[in-house]
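In the numbering used here, the protein residues as written are 9 to 352.
Just so you know, even glycine gets a beta-carbon here, dropped at the ideal spot from N, CA and C.
What follows is a set of notes on a single structure, which appears directly below.
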């Protein structure tokens, strides 16, 4: 649930190359396309491409730096990574003035979350119009290549909307988050952006159990292979039940997280907050430890709400304590590995 920048870069270039072969002999074209992957990896400049394609490639490189290298870097490395990424994004905008991903990702770190939300909200109509125009230029035929090109054309706006929903949640604009999510789902019924995960947290902030249940029921149509048992949905269930003092239900949902995800005890006790993905939600494998880490990080808006001097809110503290009760041996082992033998 999220977008893979490298895969999208591949798709854009593959469509461009396939179209360049359309007027030739089909047998020759098939043989030529069989070498596309090698040429893309080793001789990219030999392939047909526009400035927009070149700009998106720079965005993909910046995404690798910001979303997949920066979180694991030292402070010294971080400064260099950020500088390199910002330079790539600036170059992308210079190549393509409609490179909305680059514009969205290149923000001033001194700008507040509220300021970032307002900037995106002001530009959203322009981004929607630009992406819609790009989609319409792809034509009206229904072949698979054209449908993919049309879908790719709308992705920058979808990512723009997903970022707005995330920022709205962080800023406490919970109902706005839900409205943005519904707009995005209307355009993208399969929810490739994963905005329903953000919406689940907004429903938890609003303590709206019925809304969360309705969202969970709709998930079956978006991701039938998964259902509504991902970490975001379960964390939202824990939050709503705990706030309602239905501790039995909250404990059951928490136990389901522990049983579903590997190393869940460690992740819940640590409750590490990570930077949100700049390009999109960071790609993780379903039901993996990494997925739970990302979900718990995004759920900081719930876990740290009303935090005291310990740095934890009532929900975050209850989850840590309940996890220790449910899995005492694993919790003790984790705590012994943490500095000072206490929660950080």
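In its own chain, which residues sit with a C-beta less than 7 Å from the C-beta of residue i, not counting the 5 before and 5 after it?
i, result
"residue 342", "273, 274, 277"
"residue 70", "93, 96, 97, 113"
"residue 293", "299"
"residue 281", "305, 308"
"residue 291", "10, 12"
"residue 26", "41, 153"
Under three-state DSSP, which class holds residue i?
i, result
"residue 325", "helix"
"residue 291", "coil"
"residue 29", "coil"
"residue 2", "Any answer about residue 2 is impossible in this case: the structure gives the chain only from 9 up to 352."
"residue 269", "coil"
"residue 171", "helix"
"residue 129", "helix"
"residue 115", "coil"
"residue 184", "helix"
"residue 71", "helix"
"residue 150", "coil"
Under the rule that 16 or more other beta-carbon atoms within 10 Å means buried, what is residue i, buried or exposed?
i, result
"residue 213", "buried"
"residue 65", "buried"
"residue 242", "buried"
"residue 189", "buried"
"residue 102", "exposed"
"residue 222", "exposed"
"residue 15", "exposed"
On the premise that residue j lies in contact with residue i, defined as a C-beta separation below 8 Å, what is that separation, rounded to the nearest angstrom?
i, j, result
"residue 162", "residue 179", "Wrong, their Cβ atoms sit about 25 Å apart, outside the cutoff."
"residue 288", "residue 11", "4 Å"
"residue 170", "residue 217", "Not confirmed; about 24 Å, so no contact."
"residue 74", "residue 328", "About 30 Å; that fails the 8 Å criterion."
"residue 134", "residue 284", "That pair is no contact at about 23 Å."
Short of 6 Å in beta carbon distance, which residues of its chain neighbour residue i, apart from the five on each side in sequence? Order them along the chain.
i, result
"residue 81", "89"
"residue 59", "103, 104"
Should residue i be counted as a contact of the ligand ATP given a C-beta to heavy atom distance under 8 Å?
i, result
"residue 14", "The ligand ATP is not part of the structure shown, which contains no ligands of any sort."
Kindly list the residues whose CB is nearer than 8 Å to the CB of residue i, restricted to its own chain and excluding five residues on each side of it in sequence; keep chain order.
i, result
"residue 20", "61, 64, 160"
"residue 28", "56"
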